[in-house]
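Residue numbering for the sequence shown follows my numbering, starting at 684 and increasing by one per position.
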Amino acid sequence: VEEAFKEQNESLTFRYVWLPADSVRKSMEKASASQVEAELQKRAQAIADRLGTPKEAGLNVKKSEPVLRSETSLKEVGYVPELIQAAFASPQSLDPKKGGKARVFSNATGRVVAVIDAIKPADPKALNEEKRRQIRQGLESERERLLFSSWYRDRSKKARITQNQRILGEGA
């Protein structure tokens, strides 16, 4: 229960630079889509080389609200589940204080270049009896779902299914 609580309530904040594809597209009016895409990636990589280093000055760096493991978006940026998954899976790889580097993540409307700004562990004081009960109930439900899925998959493999032509008719 404690481990599940920690996972559900640990949060990260990011420092990031948002590079909307539209801004690059407008500056390259006569370029092909692939040229715009290449330029977008080139600009994002140039930002990644500076973000989280002493060369960061001059970048339009923003700070995110705290983000939980279960979230998939940053407010201004939108849907970036790969960023959030990567950050929680290996926080040190995106944390400049621990030797990590900025990385470029894509979504449908542009690129976000991000580093971890802070990791906020779950507050153990917030784990009261009601929260414990909710987490335990969620874990039990998940276990039951997995057991049922496994049982059903096993039964489906062993089942012999025959079509009743009399009910289905000749066209079946």
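We treat Cβ as the ideally placed atom computed from N, Cα and C, and that holds for glycine. Predicted model, so just to flag it, every value in this text is computed and none were measured.
From the DSSP secondary-structure annotation, give me the bridge partner or partners of V798. According to DSSP, V798 bridges with R698.
Length of the line joining the Cα atoms of Y835 and E827 = Roughly 12 angstroms separates the two Cα atoms.
Worksheet item: Does the Cβ of R698 have 16 or more other Cβ atoms within 10 Å, making it buried, or fewer, making it exposed?
Response: When all chains shown are included, R698 counts as buried.
| request: Apply the 10 Å Cβ neighbour rule to L777 and answer buried if 16 or more other Cβ atoms are within range, or exposed otherwise. | output: It counts as buried.
| query | From R816 to S710, what distance separates their C-alpha atoms? | reply | Each residue's CA atom was taken as its position, placing R816 and S710 some 55 angstroms apart.
message = Using 8 angstroms for Cβ pairs, my map puts W701 next to G783. What's the rounded Cβ distance?
response = Your pair W701 and G783 does not check out as a contact, with CB atoms roughly 20 angstroms apart and the cut at 8 angstroms.
Alpha carbons only, please: which of E813, P804, L742, Q820 is nearest the one belonging to A797? Measuring C-alpha to C-alpha distances from A797 to each of E813, P804, L742, Q820 identifies L742 as the nearest.
*asked:* Here's the rule I'm using: 16 or more other beta-carbon atoms within 10 Å means buried, otherwise exposed. How should S753 be labelled?
replied: Classification for S753: exposed.
Between the C-alpha atoms of E686 and E823, what's the straight-line distance to the nearest angstrom? The C-alpha of E823 is placed about 14 angstroms away from the C-alpha of E686.
*asked:* In the DSSP output, what is V760 paired with across the bridge?
replied: Note: V760 sits in no beta bridge, so no partner.
Mapping DSSP to helix, strand and coil, what is N847?
Note: N847 maps to coil in three-state DSSP.
| task | Could you tell me the distance, in whole angstroms, from the CA atom of P764 to the CA atom of A714? | result | The straight-line gap from Cα to Cα measures roughly 30 angstroms.
If A731 sits next to R819, beta carbons under 8 angstroms apart, how far is it from one beta carbon to the other, in whole angstroms? The C-beta separation of A731 from R819 comes to about 42 angstroms, leaving the pair out of contact by the 8 angstroms criterion.
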